[in-house]
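For the sequence shown, our numbering assigns the number 1 to the initial residue and increments by one for each residue that follows.
Don't be surprised by glycine CBs; every beta carbon is placed ideally from N, CA and C.
Since this is a predicted model, take the numbers as computed values, not measurements.
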Amino acid sequence: MHDVSQVNKYWKAHDKERMQREARYKELLDAEVKAAERRKADEIARAKEKAKEEAAAREKEKEKGLEKEKEAGPPGVNKGKAREVPKTPRKVTPKKSQTEIWLESEEDEDEDKLQSCMQCIKRKIPCVSQSGKKRFMMEVETRATADLSAADARVLQLLELKSKGIEIPEDLKTRIRAERGVIQRTLNEQLEDLTVRMDSIQKHTAWSKNGLPRLTPEVPSAAAQGTKRKGDNEGDCAEGSKKKKKKKVVETEDEESTMR
1 MHDVSQVNKY WKAHDKERMQ REARYKELLD AEVKAAERRK ADEIARAKEK
51 AKEEAAAREK EKEKGLEKEK EAGPPGVNKG KAREVPKTPR KVTPKKSQTE
101 IWLESEEDED EDKLQSCMQC IKRKIPCVSQ SGKKRFMMEV ETRATADLSA
151 ADARVLQLLE LKSKGIEIPE DLKTRIRAER GVIQRTLNEQ LEDLTVRMDS
201 IQKHTAWSKN GLPRLTPEVP SAAAQGTKRK GDNEGDCAEG SKKKKKKKVV
251 ETEDEESTMR
């Protein structure tokens, strides 16, 4: 009987802890929902204010247009006189010389090479200059930075709730920490995959002149074929004339020998 009372006491304490955890979790979710609703209401209010400002600006433009029409008067009155419009001075922008353009392009190329070299040094791979590699890597890193910022914002929100006295469940903390690790691991995997793919493309297109693999064998043009045939025909004609000359020489020698 004593053991049964201890078991009942244990399960009552366990149920009480579970209910407290559920209540805390519900409070946390309610706080998140309220914060989302507050943000949504603020966005709607800002959108309404913006729409009002745009409507007021349109009304002002309409009023200005009507005033200009009134000043101009009815059509046909000032037909002979052209209305003078003050000319706005044109902004003169100095043209860049060719040497400056070349210098800027060289600086951009140097920056691309430096960035690619830094990436290759980090990954301990041979550095090969590849067009587009820096841009793709920057896009991947930008997306990962945005995801990490969102995860940090969630952590700050939880800390704010904790400072207010709301206890945060351990499973929620663990999930948010794991989320940050997953984002970092995904970034590394994507960068590795991008590097491998770019190296493969560079390897397969390095031997072609235009940077693309040649799928069909090179076919000579019609003009080249025509000149080749013409050259072959001329060669055949020359060989035929040589044979004829040789035959004539042999015949003359035979005639001379018979006459003797």
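{"Check": "Have a look at 164, 62, 168 and flag the residue whose alpha-carbon is nearest the alpha-carbon of residue 29.", "Outcome": "168"}
{"Check": "Which class does residue 167 belong to by DSSP, given the choice of helix, strand or coil?", "Outcome": "coil"}
{"Check": "Which residue wins for smallest C-alpha separation from residue 180, given the options 153, 23, 139, 59?", "Outcome": "153"}
{"Check": "According to DSSP, is residue 18 part of a helix, a strand, or is it coil?", "Outcome": "helix"}
{"Check": "Would you mind giving the Cβ-Cβ distance between residue 140 and residue 187, rounded to the nearest angstrom? I have them listed as a contact below 8 Å.", "Outcome": "7 Å"}
{"Check": "In whole angstroms, give me the CA-to-CA distance for residue 175 and residue 151.", "Outcome": "11 Å"}
{"Check": "Measure the Cβ-Cβ separation of residue 31 and residue 148 and say whether it is below 9 Å.", "Outcome": "no"}
{"Check": "Quick check: the Cα distance between residue 45 and residue 182, rounded to an integer number of angstroms?", "Outcome": "36 Å"}
{"Check": "Tell me the rounded alpha-carbon separation between residue 197 and residue 191.", "Outcome": "10 Å"}
{"Check": "Do residue 184 and residue 144 have their beta-carbon atoms positioned less than 9 Å apart in this structure?", "Outcome": "yes"}
{"Check": "Quick check: the Cα distance between residue 62 and residue 72, rounded to an integer number of angstroms?", "Outcome": "15 Å"}
{"Check": "Within its chain, find whatever has a CB closer than 8 Å to the CB of residue 21; leave out the 5 residues flanking it on each side and keep chain order.", "Outcome": "169"}
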